[in-house]
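First the structure, in the form of structure tokens, and then the observations on it.
Protein chains in written order, with the working numbering: chain A, 1055 to 1376; chain B, 342 to 546; chain C, 52 to 369; chain D, 6 to 634.
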């Protein structure tokens, strides 16, 4: 039997949710540890960067990299792990397409820092302090990684073998991928793991709109008593389902909340947010041109609603930071 | 000219009823003979007949001769609207020596056959009732004479356009004092604004 | 003479359908024929005046075979122009209704649904001005699947559904995403300054179209779409992404859309795209949506020149 | 025009309006408002020096605002009478005109409007017509495209006395147009604006085309038409001559005009129906043949003259075929376009016709009017029975024909009484009657009409001038309505005594219609007002009595509303049909005692007892006739 495959898990600009979804495997982790060696998992155990630096190239069989690339440290580790591992999986929405951190691309660094360090409600008087590149301490100088002007997704800086969408990827899908990795039968490089080709609407069993139904006012989920049986669009609530890939098992829909598009664009969708704008824009019902604007204004945060997970991967982001 | 209102003249009433065919306008919907038969049964009706065109000379001559022959002192004409031929029938009866206001019309054309073509039987009943109503009214009619009033022999023409000018010229040339009133500072109206006018293509001032 | 028609004529059948009244008042003045663009742009045999005449003269089969019955898209331009206040488009729709009942079918090529791609989300059924698509249940290898189907006689080919369908599962030759995307230049093919998505009906006079085509290809590329309802913000962004510096979407004035509500859908899509660009504080003047009216002759020149000079300023500024 | 001024017997009063018209045929009292010209007519010799020095220029209505006039002005140089006018709205009181007038001293700024009362025997109304403003038709772009002009503007532009002294130019660049188009029926035959045909504009556009072609044969003129109407002698030949001269005629109503904003040339989009194809032609200039509409102040004048208006606003003639020149009011006649759009030859002909109709009256020293006037029984008037007159009759009379002096009974001035019957019905003592419309006569008619199965019948009281005419029109237009209607005609709704209504219900009538003129149409000025007040009182009484709504209807129907008359009657019939027969009979019986209670004084009216007795014999005779023995 060949040597046990070496697995690595790393978390860059991440909330840790993707790490937790692995721990959710529970006892099954024990089987995994019998069949494979986890050689790098800083979030769970005390691994040091040097451990990876001392490895030979491509020593790691499969590296599960989650989290977006926000600062120089993330980029450095991404390059390092790419060098050290045969197969690299962009694990979760942040690595796959920038995720929630990607929404920062709407703002420049200065206004971000202002928000975080000055105007945030939980700060009483920041006297304008800012993180410094290097700070001299009695023990010696400590330096912080530099903050990039925009958030990048993993695929932007290294080439990736597989994508696994989801925020976080659903634990059952993670288990299926683990078994594929352990049994060595991963599909062709570049394909998407842990999701199926259809869109969320395909798997959603809610009653769809009557022919000719149109929306004359949008409401946010907390503003309306959501009916669990009918499609959210018929209730005037934005649901990204039509343009989002299925495979998550729709936990949100079961929890009576509209899909927010974390599994990324469905097959054939070039830019998830623009496509949703196109679909929802065509549904607005009025013959009176002036009322059109008032209805549009009821969509409070278009970019946030349509690009909640994919802003960093969007064409607009590329246009802005190219 | 007796102005005494309503003194009941108890001379013996002799009413004549004339039901007009008006070609097919009335006869096309109801049968005038049936109205005539009905009228004959009414009190004081001494003579009732139908006629093809009451307003024509033949119809009027029939009424005039009957007034002589049957010594009629009231006449009922069941035909068209008073706005059409009341003057005609009043003139006819007065030529026969009967006071024109002792003639009463029943409108069984515009307000009966023309409006109830879809309900012939109802139209017939209505024609009978309208004729009876006219007969009832003649029972209490008194002879009246037109009131004549003095006439100021001056005319007023409002509007100084081509129609107003032609009217005032015609009136003035008959020797009638005419006032031509025009709200604009000049007479001539729209015509004066026009370039040459058809057919003579001469100047329009 | 009673007012109710005793014998059932073709005209009385048409008048019985709501909107079909007053058709006997038509004194054949031809206003509707010249106000409507279908004869000038699609089929010389199209003539609403003649169709009304056929209805009145009881020529049922001629009417059912006449292209007017099938090509009218109920845009009501003729209704507001008719001096006899006849709702001409409703009379034509009534005739079409009777024609369909009599088994005749529309010569127009309707959109069709690719059942492998369709997810049954129902968006096409919501946005269609003619309510041609509708959802239905179907047994697909074992389990019940919900799909969309299109009523061949109702679809006018405006493409609003194609623009809205997230999965490119609906379409017809001429409006599919692949054909439109093929006309969007790629970075390598030296992209023009401006790309114009122009709807087929907003430029009334031929020489307006000539004005648009007179611009050198490296300055202005033209993409024809049946209606601005077909526009997809993705395509606008893809154009900007591949180096085109500006996108001009040109459709009809409110109330004059040839497909009833295509320009309202476009107004909303471009409005949403504007707010997206605004949130990313990208320059907004890059994408413009203009609505040209029936009497705005020569206005296309102002819009294109204005856009080119605006783009020139942006180029200087950045 | 000039000979009208020269004619000694015509007193031409320009810049004067008719304020009030009182009286009746042969005895009209007309109040004229001679607006202040601020120029003394006898002194001004029309030299125009004042205009030369006047610094103010304002648009001239006569030139359809294409050319200016001074504040001191005459509308046109050939004005008749040639007396200048100072327009105080525009004048800035620099008084240069006064200096220029010099010794003549014809200008007097202190002049005020003058009210003059004239005694008049007959009135001819010839107030003409107005022009439809095509700017409301956005599709033709009038007001937005400079080279789209109206027909009146064209008249002034190619008129040698016009602003360009006959040289037709394009407003946008003042060049002579070579390619011209006329569009007929602008606003006419259009349900959205003026549904009727304006009669003369087909010939009018051909005339203008021929004139322009004669002036400049190189000019290419096209006329867009729906139908060319050439109704009179020589018109069709003129149409042929226009074709021979090379004027193009396109059969097709344009739907749209667009403009090339650089050259200001215009494009007409229309269907050429003869070809069955849509065409788009370019023109330098377009003339819109605008519709003829009633004068803007026609509504005001019709209430001043107390004449009715037919649909569309034109004055309504007594009878369209038999008395087209007469108004419903004796002594007032119509001439020309005010009665309906017509061309110049017809207007002149109607001028003479109206003059002929008027001279019938004016040539006789006395004139006969209908003797249907009111007459008082002095012994019944409360002045004599209770020593104090109640005066209700005086209040009811619109003409002040009823006078009460001291404690003497009310008295009618025959000459002033128009015979509306208002006082007769208002008098609580029934002390006044109306000749030819006495209570007895009307009661007798009611007995005849309600003799057989009264509960199925609808008794309709109509006034001679309006609702009777409306009933006639319902017949002439063959609008079908229920044959259960039984009509009684009185002169005015003011004559419809409440006793008649109570008596009708006492006799068992199914429904009663109380109808008359619309308020502004009443032939007796305020007669309708009195009738309307009485009808509302009756409606409230019957509602309180619990009578089913719809059995008593109050409707104001003009002689032009035949359809409304038929609709109201059919609606009343449906009310009766919806009531089960026993319920109707039961309601009639239940209300009969209330009606009798209100008819206490009716049997005391002279002639009524005889009418009651006669009525019984008549009803028996009618019943015998109807049910065969």
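Ideal Cβ placement from N, Cα and C applies to all residues, glycine included.
Worksheet item: Where does residue 162/C land, buried or exposed, given buried means 16+ other C-beta within 10 angstroms?
Response: buried
Worksheet item: With DSSP run on the structure shown, which of helix, strand or coil describes residue 181/C?
Response: Residue 181/C carries a coil assignment under DSSP once its states are collapsed to helix, strand and coil.
Worksheet item: Who does residue 1253/A pair with in a DSSP beta bridge?
Response: 1299/A
Worksheet item: Fully enclosed by the region 367-453 of chain B, which beta strand (DSSP E) runs are 3 residues long or longer?
Response: Segments of the beta strand (DSSP E) lying fully in the region 367-453 of chain B: 386-392, 415-420 and 444-448.
Worksheet item: Can a CB atom of chain B be found closer than 8 Å to the CB of residue 120/D?
Response: no
Practice prompt. Just the chain B side, please: which residues come within less than 8 Å of residue 218/D by C-beta, in chain order?
Written response: Within chain B, no residue comes near residue 218/D; the closest Cβ sits about 12 Å away, beyond 8 Å.
Fill in: Validate contact between the region 135-150 of chain D and the region 256-263 of chain D using beta carbons, cut 8 Å, 3 pairs
With a cut-off of 8 Å, the region 256-263 of chain D and the region 135-150 of chain D count as touching, because enough Cβ pairs lie within range.
Discussion item. Can you list, in chain order, the residues of its chain with a C-beta nearer than 7 Å to that of residue 165/C? Leave out the 5 residues immediately preceding and following it.
Written reply: 220
Worksheet item: Three-state secondary structure (DSSP) at residue 263/D?
Response: Residue 263/D falls in the strand class under three-state DSSP.
Worksheet item: How is residue 110/D classed by DSSP in three states: helix, strand or coil?
Response: coil
Worksheet item: At a Cβ threshold of 8 Å, is residue 1290/A touching chain C?
Response: no
Discussion item. Beta carbons nearer than 8 Å to chain D: which residues of the region 198-226 of chain C have them?
Written reply: none
Worksheet item: How many angstroms separate the CA atom of residue 114/C from the CA atom of residue 102/C?
Response: 6 Å
Discussion item. Let's test the definition: count the other Cβ atoms within 10 Å of the Cβ of residue 583/D and tell me whether it reaches 16, buried, or not, exposed.
Written reply: exposed
Discussion item. Could you give the first and the last residue of the continuous alpha helix (DSSP H) run that contains residue 594/D?
Written reply: 586-603
Practice prompt. Select from 74/C, 118/C, 97/C and 214/C the residue whose C-alpha is nearest the C-alpha of residue 85/C.
Written response: 97/C
Practice prompt. Could I get the ranges of all uninterrupted alpha helix (DSSP H) runs contained in the region 125-172 of chain D, with 4 residues as the minimum, in chain order?
Written response: Listed in chain order, the alpha helix (DSSP H) elements of length 4 or more contained wholly in the region 125-172 of chain D are 156-162.
Practice prompt. Count the other C-beta atoms from every protein chain shown that fall within 10 angstroms of the C-beta of residue 1189/A, then say buried if there are 16 or more, exposed otherwise.
Written response: exposed
Worksheet item: What is the DSSP secondary structure of residue 119/D, counted as helix, strand or coil?
Response: Strand.
Practice prompt. Hey, could you find the ends of the beta strand (DSSP E) residue 300/C is sitting in?
Written response: 297-303
Worksheet item: My guess is that residue 272/C and residue 236/C are in contact by the Cβ rule of under 8 Å, so how many angstroms apart are they, rounded?
Response: 7 Å
Practice prompt. Could you spell out where the beta strand (DSSP E) holding residue 1124/A opens and where it closes?
Written response: It spans 1123-1125 - the beta strand (DSSP E) in which residue 1124/A sits, taken as one unbroken run.
Practice prompt. Anything in the region 355-373 of chain D with a Cβ closer than 8 Å to a Cβ of chain B? List those residues in chain order, please.
Written response: Residues passing the 8 Å Cβ filter: 355, 356, 357, 359, 360, 361, 363, 364, 366, 367, 368, 369, 370, 371, 372 and 373.
Practice prompt. Under 7 Å Cβ to Cβ from residue 81/D, same chain only, skipping five residues before and after it: list those, please.
Written response: 67 and 166
Worksheet item: Listed in chain order, which residues of the region 345-360 of chain C have Cβ atoms closer than 7 Å to some Cβ of chain D?
Response: 345, 346, 348 and 349
Discussion item. Any C-beta of chain B within less than 9 Å: which residues of the region 70-87 of chain D qualify?
Written reply: 78, 79, 80, 81, 83, 84, 85, 86 and 87
Worksheet item: Exposed or buried, residue 1115/A, counting other C-beta atoms within 10 Å across all chains shown (16 or more means buried)?
Response: buried
Worksheet item: Are the Cβ atoms of residue 356/B and residue 461/B separated by less than 8 Å?
Response: no
Worksheet item: If we call anything under 8 Å between Cβ atoms a contact, is residue 496/B one with residue 519/B?
Response: Yes.
Worksheet entry | Closer than 8 Å to chain C by CB, residue 238/D | no
Discussion item. Could you tell me the alpha carbon to alpha carbon distance between residue 1063/A and residue 1192/A, rounded to whole angstroms?
Written reply: So the two alpha carbons sit approximately 34 Å from each other.
Item to complete: In the DSSP assignment, find the unbroken alpha helix (DSSP H) run with residue 306/D in it and report its ends.
Response: 303-310
Item to complete: Check the Cβ-Cβ distances between residue 81/C and every residue of chain D, and say whether any is below 8 Å.
Response: yes
Item to complete: Determine whether the Cβ of residue 73/C lies closer than 8 Å to any Cβ atom of chain A.
Response: At a cut-off of 8 Å between beta carbons, residue 73/C makes no contact with chain A.
Discussion item. To the nearest angstrom, how far is the alpha carbon of residue 317/D from that of residue 412/B?
Written reply: Those two C-alpha atoms are separated by around 50 Å.
Item to complete: Count the other C-beta atoms from every protein chain shown that fall within 10 angstroms of the C-beta of residue 201/C, then say buried if there are 16 or more, exposed otherwise.
Response: buried
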